[in-house]
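Numbering (this note's numbering), first residue to last: 262 to 714.
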């Protein structure tokens, strides 16, 4: 019987992979393949809730291993039918200005320049589906949908927005012009596009086609999974792994199984283009505010599923407050700063830092197309998720990562069939672990191990 390390993170430095030489031949910008993305909720990150305050946190995020910062919408917010005291970031009144709540455009540019100096990229949350009802755009005939009485139309219970009409070519041109402003005049590195599936795909293809012709290294994220095959054909690099997110919640709550996870991955292999990057996450601004914190949804499985998002193909995402161990729902329309007692040195912070190092230094874990294919390992226990990702590249060398995870709230004994994968692997504790061809171990509830060589 082998002793299981609760956290066994292999760190292998591959000089060639550090240059991402193999990525230059593929579709996405080279800096995205080994990246981790962080969603910045500027309002709730600090007591000040400004870009100046966020700038002071950038070195900590860099130390944690964050590569891409996705900034939630930072433009001025409408006042008409505003929700709550401060309103929603997603009710935009002017696409080319900065919400004074967060500071000035110069403050944002200093934040952006500091991120760039540290080697990080910044993408902006782009709201193309709707504007605030008191936006100047609502004065332009035909730019928004209206009912039979001429009233602006809303979607769902979003009573603080008005849906844009993409049949209007003038509106389309203005939207593209605003996106160009942020790339040309401000210098951001791409966009995360809100409710991307609600906007006609031909608009995204047109707008992103123009931008990518000028900025081939930009990065784009679509908040959508249903249309992932369509949206990632040309316009977007990455899509939301919503179904996987909900499956993780269900497994943690005993509603779904390891077999359900493997069925999901098999479906993705046949329905979504292989070069599309899935964003893997345990929380985000919607989930935290409306469906509960990761601790509410995942319980004792929080750390396991955090590690899981780094093991499976795609790009892991971290939401504001997660490295600090934030354990409360953040109010969406009010000021509600994250818990920071654990920030910069807490257990969760060190977990993320270790996982980010693991991802950066093991090319088998990189995003498609530069990462290794995930292959299921045979076990004798249905509660165990076991997989291997291997990469063999003439430019990068060979790299193997194995993960074994107990996805249950009970102790489990398992035998994992490794065959030719048997050998000595590296772990974070500075020791090596030897995996035999039939590797047997006993795992505590929600216990996991990741090893590499």
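Ideal Cβ positions, reconstructed from N, Cα and C, are used throughout, including at glycine.
Straight-line CA distance for residue 366 to residue 358?
7 Å
How is residue 693 classed by DSSP in three states: helix, strand or coil?
strand
For residue 394, count neighbouring C-beta atoms within 10 Å of its own C-beta (all shown protein chains included) and say buried if the count is 16 or more, exposed if not.
buried
Residue 530, buried or exposed, once every other Cβ within 10 Å from all chains shown has been counted against 16:
exposed
Should residue 390 be labelled buried (16 or more other beta-carbon atoms within 10 Å of its own) or exposed?
buried
Start and end of the beta strand (DSSP E) containing residue 387?
382 to 387
By the DSSP assignment, the alpha helix (DSSP H) with residue 436 in it spans what residues?
430 to 442
Between the stretch 662 to 677 and the stretch 556 to 575, can you find at least three pairs of beta-carbon atoms closer than 8 Å?
yes
Beta-carbon spacing of residue 463, residue 384 below 8 Å:
no
Using the Cα positions of residue 588 and residue 555, report the straight-line distance between them to the nearest angstrom.
8 Å
In terms of residues, what are the limits of the alpha helix (DSSP H) holding residue 589?
Counting along the chain, no alpha helix (DSSP H) covers residue 589, and no H or E run does either.
Counting along the chain, where does the beta strand (DSSP E) carrying residue 451 start and finish?
451 to 454
Does the structure place the stretch 402 to 409 close enough to the stretch 420 to 433 that three or more beta carbon pairs sit under 8 Å?
yes
Residue 548 burial status per 10 Å Cβ neighbour count (16 or more: buried)
buried
Would residue 713 and residue 623 qualify as a contact pair, given that the criterion is a beta-carbon distance under 8 Å?
yes
Tell me which same chain residues have a C-beta within less than 7 Å of the C-beta of residue 344, skipping the five on either side of it?
So the qualifying residues of the chain are 421 and 594.
What residue from 305, 708, 347 and 400 has the CA that sits closest to residue 673's CA?
708
On a Cα-Cα basis, can you pick out the residue from 469, 287 and 415 that is closest to residue 241?
Any answer about residue 241 is impossible in this case: the structure gives the chain only from 262 up to 714.
Does the structure place the stretch 318 to 334 close enough to the stretch 293 to 305 that three or more beta carbon pairs sit under 8 Å?
yes
Considering Cα atoms alone, identify which of 337, 476, 685 and 687 is closest to residue 446.
476
Residue 617 (DSSP reduced to helix, strand or coil):
Per DSSP, reduced to three states, the secondary structure at residue 617 is helical.
Same chain, Cβ closer than 7 Å to residue 570, neighbours up to 5 away in sequence not counted
541, 542, 543 and 577
Residue range of the unbroken alpha helix (DSSP H) whose run includes residue 323
Run containing residue 323: 319 to 325, per the alpha helix (DSSP H) assignment.
Can you tell which of 318, 288 and 467 has its C-alpha closest to the C-alpha of residue 301?
Out of 318, 288 and 467, 318 has the C-alpha closest to the C-alpha of residue 301.
Cα-Cα separation between residue 355 and residue 575, rounded to whole angstroms
Taking the straight line from one Cα to the other gives about 33 Å.
Using beta-carbon positions only, say whether residue 633 and residue 652 come within less than 8 Å of one another.
yes
If you draw a straight line from the C-alpha of residue 605 to the C-alpha of residue 485, how long is it?
Any reading at residue 605 must be qualified, since the residue scores a pLDDT of 43, below 50, and its modelled position is unreliable; no value is offered.
Using DSSP with H/G/I as helix, E/B as strand and the rest coil, what is residue 405?
strand
Length of the line joining the Cα atoms of residue 659 and residue 599:
Roughly 41 Å between the two C-alpha positions.
So residue 581 and residue 306 are supposed to be a Cβ contact under 8 Å. How far apart are they, rounded?
5 Å
With 16 as the cutoff for other CB atoms within 10 Å, does residue 705 come out buried or exposed?
exposed
Environment of residue 410 [buried if 16+ CB atoms lie within 10 Å]
Residue 410 is exposed by the Cβ-count criterion.
Report the three-state DSSP secondary structure of residue 425 (helix, strand or coil).
In the three-state reduction of the DSSP assignment, residue 425 falls in the strand class, which pools E and B.
Those residues which DSSP pairs with residue 661 across a bridge
651
Can you tell me which of the three DSSP states residue 677 falls into?
strand
Helix, strand or coil for residue 341 per DSSP?
Residue state, collapsed to three classes: coil.
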